[in-house]
Amino acid sequence: MLLSKTGLACLLTAAIGLGCCVAAYTNAADSSPTDSSATASPAADGLRQEKVTAFVGAHIIPIDGEPIDGGVLLISGGKIVDVGPADAVQIPDGAETVDVSGKVIMPGLVDTHSHIGGIGAADGSHPIQPGVRVMDSINVRDSGFKRALAGGLTTLNIMPGSGHLSSGQTVYVKLRFDEQPASILDIAIRREDGGIAGGLKMANGTNPQREPPYPGTRGKAAYLVREQFIKAREYQQKLADAGDDESKKPPRDLNLETLVEVMQGKRVVHHHTHRHDDIMTVLRLAEEFNFRVVLQHVSEGWKVADEIANASAPCSVIVIDSPGGKLEARDMRYETCSVLEQAGVRVAIHTDDWITDSRLFFRSAGLAVRGGMTREGALDALTLAGAEMLDLSDSIGSLTPGKDADFIILSGDPLSVYTHVEQTWVEGTKAFDRSDPADRLYATGGYGATHDQQPYFCCFGHQ
Amino acid sequence: MKRIALRALVILPLTVIAAVMVTSPAAAQIAVRGETVYTMVGDPIANGVVIINERKIVAVGSADDIEIPEGYRVLEAKVVTPGLIDAHSVVGLGGIDNQDQDQEQLEASNPVQPGMRAIDAYNAKDPLVEWVRTLGITTVHTGHAPGELVSGQTMIVKTYGNTVEDAVISSAYGVACTLSSDAQKAGTQSPGTRGKMLAMLRQQLIEAREYLAKLEAAGEDEAKKPARDLRLETLGQVLQGELKLIVTADRAQDIASALRLREEFGFPLVLDSAAEAYTMTDEIKAAGVPVIVHPSMYRAVGDRGNMSFETAAKLKEAGIPIALQSGYESYVPKTRVALYEAAITAANGLSFEEALATITIDAAMLLGINDRVGSIESDKDADLALYDGDPFEYTTHCVGVIINGQVVSEEVR
Numbered sequence: 032m033l034l035s036k037t038g039l040a041c042l043l044t045a046a047i048g049l050g051c052c053v054a055a056y057t058n059a060a061d062s063s064p065t066d067s068s069a070t071a072s073p074a075a076d077g078l079r080q081e082k083v084t085a086f087v088g089a090h091i092i093p094i095d096g097e098p099i100d101g102g103v104l105l106i107s108g109g110k111i112v113d114v115g116p117a118d119a120v121q122i123p124d125g126a127e128t129v130d131v132s133g134k135v136i137m138p139g140l141v142d143t144h145s146h147i148g149g150i151g152a153a154d155g156s157h158p159i160q161p162g163v164r165v166m167d168s169i170n171v172r173d174s175g176f177k178r179a180l181a182g183g184l185t186t187l188n189i190m191p192g193s194g195h196l197s198s199g200q201t202v203y204v205k206l207r208f209d210e211q212p213a214s215i216l217d218i219a220i221r222r223e224d225g226g227i228a229g230g231l232k233m234a235n236g237t238n239p240q241r242e243p244p245y246p247g248t249r250g251k252a253a254y255l256v257r258e259q260f261i262k263a264r265e266y267q268q269k270l271a272d273a274g275d276d277e278s279k280k281p282p283r284d285l286n287l288e289t290l291v292e293v294m295q296g297k298r299v300v301h302h303h304t305h306r307h308d309d310i311m312t313v314l315r316l317a318e319e320f321n322f323r324v325v326l327q328h329v330s331e332g333w334k335v336a337d338e339i340a341n342a343s344a345p346c347s348v349i350v351i352d353s354p355g356g357k358l359e360a361r362d363m364r365y366e367t368c369s370v371l372e373q374a375g376v377r378v379a380i381h382t383d384d385w386i387t388d389s390r391l392f393f394r395s396a397g398l399a400v401r402g403g404m405t406r407e408g409a410l411d412a413l414t415l416a417g418a419e420m421l422d423l424s425d426s427i428g429s430l431t432p433g434k435d436a437d438f439i440i441l442s443g444d445p446l447s448v449y450t451h452v453e454q455t456w457v458e459g460t461k462a463f464d465r466s467d468p469a470d471r472l473y474a475t476g477g478y479g480a481t482h483d484q485q486p487y488f489c490c491f492g493h494q
Numbered sequence: 009m010k011r012i013a014l015r016a017l018v019i020l021p022l023t024v025i026a027a028v029m030v031t032s033p034a035a036a037q038i039a040v041r042g043e044t045v046y047t048m049v050g051d052p053i054a055n056g057v058v059i060i061n062e063r064k065i066v067a068v069g070s071a072d073d074i075e076i077p078e079g080y081r082v083l084e085a086k087v088v089t090p091g092l093i094d095a096h097s098v099v100g101l102g103g104i105d106n107q108d109q110d111q112e113q114l115e116a117s118n119p120v121q122p123g124m125r126a127i128d129a130y131n132a133k134d135p136l137v138e139w140v141r142t143l144g145i146t147t148v149h150t151g152h153a154p155g156e157l158v159s160g161q162t163m164i165v166k167t168y169g170n171t172v173e174d175a176v177i178s179s180a181y182g183v184a185c186t187l188s189s190d191a192q193k194a195g196t197q198s199p200g201t202r203g204k205m206l207a208m209l210r211q212q213l214i215e216a217r218e219y220l221a222k223l224e225a226a227g228e229d230e231a232k233k234p235a236r237d238l239r240l241e242t243l244g245q246v247l248q249g250e251l252k253l254i255v256t257a258d259r260a261q262d263i264a265s266a267l268r269l270r271e272e273f274g275f276p277l278v279l280d281s282a283a284e285a286y287t288m289t290d291e292i293k294a295a296g297v298p299v300i301v302h303p304s305m306y307r308a309v310g311d312r313g314n315m316s317f318e319t320a321a322k323l324k325e326a327g328i329p330i331a332l333q334s335g336y337e338s339y340v341p342k343t344r345v346a347l348y349e350a351a352i353t354a355a356n357g358l359s360f361e362e363a364l365a366t367i368t369i370d371a372a373m374l375l376g377i378n379d380r381v382g383s384i385e386s387d388k389d390a391d392l393a394l395y396d397g398d399p400f401e402y403t404t405h406c407v408g409v410i411i412n413g414q415v416v417s418e419e420v421r
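Chains as they are written, first to last, in this note's numbering: chain A, 32 to 494; chain B, 9 to 421.
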């Protein structure tokens, strides 16, 4: 078992290398440093020696192209090598062939808003705490991760809650659960600069309203946020003025540092917002402080769809069975995704797990189609659209050669209630298999399915 | 408080307008044609017709055999089912806004309040009643929620009607009782433990038994009768079998407590939620007790940590009478939809028709209202739900709803 962990680490190194390569290729027009593709070359050479696996016979939904009947998906070294019709994909000699006739294959699902892992970032001391990282609170043994895999999810944006104007930094994770991860670092996605990938959680509306120092009104909420961003702008200016002179730099401030990253566009704001006027407030603040924002939940987005489209703000929408439960959700509609789609807004769908269950992520997309969204749009909303909102579409979100081999094998139509996720593969490794009773328990629920801790036998004489 | 008051003022005129705009639905000579009609008695009918006159179904069968009388309004749909029954809900009490002024499902001043009637708490115009109606739910067993040891009475209503009096089928079906962590109090309040819950409940039932005995001893002599006591009167009805004791219990040990209590006092027991019932099938079967299974998509937390999508299928297989429910939600979604909850059981062990039965005929039988609703048969209430495909599919729409022979929704939802 330990060996395979080392193996995974090797693959990971290759993945990061290739990630750079793909990025350089995709951004050919940009002035990307040429040495990044140079460092990727040895990794690419290494891939040629990896085992190749061909999944043949399935209906393949690549997302970035037309569905393929009886297609072939070729993976190697944790990456997608090729995908296409049987007569167009060359299966190399010695490749392992897996017959998946009658099944459906599509990319692993991307959840742009999840709370799995016993999240606890900002505490009650202040409404704005961007310096706090949710990654420092996550229990990787939380059974929620297993349920997410059972639902076909492979990438999550794990967010702190909405009870603050900013409750801290989010973390993007890949569900590398073919064996139990020991720490958040085993599943956290790395940015190209080696840092932990993630955004910043912000919220407005009623959730962050409480006794001072929290805001009591919407006006106060926006005031408090503007005040912090203005401070951060001054901090940014001091840093710029200091140049390389360490003595002139202001003392490091984790909160302001994070807001500077946000204003520099390095960190996306994931902004909880329901009501139409709150949505407009987010767009106003994003324009004032020039931050990149993903509108999260967007329950009344259907009322201001054109304004959202004009601001080019992507939306990550929650789809709920019934309206209400809080005043801001009273006008929630199944039609929200459809109206936004028609207005030309980029739309993803999220679970907000535990608000909806990761095992039923497809169900949210199904209800969006019930509300008028196109089927293509709904499947895109579970995959590529989300990947783009996390700045990860170079490596995930579609079955595209060069991307991570994150995919799921389904028993049928993705949007049918009767369909089950049979297998979930993450970076070329099977991380969930419904035919394994231990995995099936997480898919159906049952005795022990929500126990957080896996048995840990290190100290009791077991191997 | 100020903010809430202002908002109420704004909402009020809108509500009035909405009420005026509700058109009185055309009664009642209607023929419904369905590519498939699930009557829930016998095989589904391909190319079927249901004839409705006034409030009742007067004929159902193949289009080959039944002629649609002249002048009847004809509705068509791919799939026609009986109006759906939500076997346990709080709609009409747990209002859409989730603010203090619209939350009537739980009164926490006393852990034992069986005297409270559901009819006195039901808002027939709450938007969630309309919401579930437009998805095909025509009958709900609703009332006081789980969460207190004995939280009050429940009733059965149609999801259409200007007032509770218009809507009601059974003004008192049962008394809601909770044997779970949800009924546990903190600090010095009771009940603080499971042992205390059972002690309190037994004490109450013993008092009710004595109250009944005094009544019986008094016979016709008014002077000897004990003073009326709504609490004991209601529990007395439970002991006499006139009302069910609906016990919400999830852990196996709590289910066992409910069965033990029933053994001691002999009341009609309905198990509710029952997340771990799949570990107790022999005991539940032997007791002959029905189970209103928790919503399939309830969150697996606390006492329900071990819940399973497959519980309904396992109980059905064991021969235990079951029905599905939307349950109680304290946040979002404020109400679940029984149709959706049953759909998940159809994907997890129950056949399509078994799953449909959990929200139609089986629910009607469990609730004792199968003489009126739950199937498409002559002389039953003309309650139908119309769909443009398999009702359980996420992407299917409910396209029409008929209650008491009136077309109450033609929204596509």
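Backbone N, C-alpha and C fix where the C-beta goes; we use that ideal spot for every residue, glycine too.
Leu-392/B is positioned such that its CB atom lies closer than 8 Å to that of Ile-384/B. Its chain contains Met-48 as the residues whose beta carbon lies nearer than 7 Å to that of Ala-365/B, once the 5 sequence neighbours on both sides are disregarded; these appear in chain order.
At least one CB of chain B lies nearer than 8 Å to the CB of Asp-352/A. When secondary structure is reduced to three states using DSSP, Pro-116/A falls in the strand class. Of the candidates His-146/A, Gly-226/A, Gly-151/A and Asp-167/A, the residue whose Cα lies closest to the Cα of Asn-188/A is His-146/A. Contact of Leu-441/A with chain B by beta-carbon distance below 7 Å is absent, the smallest such distance being about 13 Å. Cys-368/A is not bridged by DSSP to any residue. Tyr-336/B is positioned such that its CB atom lies closer than 8 Å to that of Gln-113/B.
Under DSSP, Pro-135/B forms no beta bridge with any residue.
Collapsing the DSSP output to three states places Asp-229/B in coil.
Listed along chain B are Ala-308, Asn-314, Met-315, Ser-316, Phe-317 and Glu-318, each with a C-beta nearer than 8 Å to that of Gly-476/A. Leu-216/A counts as exposed, since fewer than 16 other C-beta atoms from the protein chains shown sit within 10 angstroms of its C-beta. The C-beta distance from Ile-150/A to Leu-255/A rounds to 23 Å, too long to fall under 8 Å, and the pair is not in contact. Beta-bridge partners of Tyr-203/A (DSSP): Asn-188/A. Between the segment 269–276 of chain A and the segment 296–303 of chain A, the count of Cβ pairs shorter than 8 Å is below three; the stretches do not touch. For Asp-309/A, not one C-beta of chain B is nearer than 8 Å to its own C-beta. Nearest neighbour of Glu-97/A by Cα position, chosen from Val-114/A, Lys-110/A, Phe-86/A and Leu-314/A, turns out to be Val-114/A. In the structure shown, Trp-333/A falls within a helical segment according to DSSP collapsed to helix, strand and coil. Identification of chain B residues near Ile-386/A by a Cβ-Cβ cut-off of 7 Å yields Val-340, ordered along the chain. When Cβ-Cβ separations below 8 Å define contact, Val-165/B makes no contact with chain A.
For Tyr-395/B, the pairing in a beta bridge is given by DSSP as Val-87/B and Cys-406/B. Contact check for Gly-417/A against Asp-142/A passes: the beta carbons are separated by less than 8 Å. Taking 8 Å as the cut-off, the beta carbon of Cys-368/A is found closer than this to the beta carbon of Ala-412/A.
By the neighbour-count definition (other C-beta atoms within 10 Å, threshold 16), His-149/B is a buried residue. Scanning chain A for C-beta atoms nearer than 7 Å to the C-beta of His-152/B yields nothing, as the closest lies near 19 Å away. Taking C-beta separations shorter than 6 Å and ignoring five residues to either side along the sequence, the partners of Arg-259/B in its chain run Glu-284 and Asp-311, following chain order.
Secondary structure at Asn-341/A: helix, using DSSP grouped into helix, strand and coil. In this structure, Leu-231/A keeps its C-beta atom at 8 Å or more from the C-beta atom of Leu-206/A. Residue contact check for Val-400/A against chain B: a CB pair falls below 8 Å. As DSSP reads the structure, Arg-221/A sits in a beta bridge with Ile-227/A. Classified as buried, Arg-164/A has 16 or more neighbouring CB atoms from the shown chains inside 10 Å of its CB.
Nearest CB-CB separation between Val-448/A and chain B: below the 8 Å threshold.
In the structure shown, the three-state DSSP call for Asp-72/B is coil. Around Ile-104/B, the beta-carbon contacts reaching into chain A at under 7 Å are Pro-354, Gly-355 and Arg-361. In the three-state reduction of the DSSP assignment, Ser-197/A falls in the strand class, which pools E and B. Taking a 10 Å sphere around the C-beta of Gln-121/B, we find 16 or more other C-beta atoms and assign the residue as buried.
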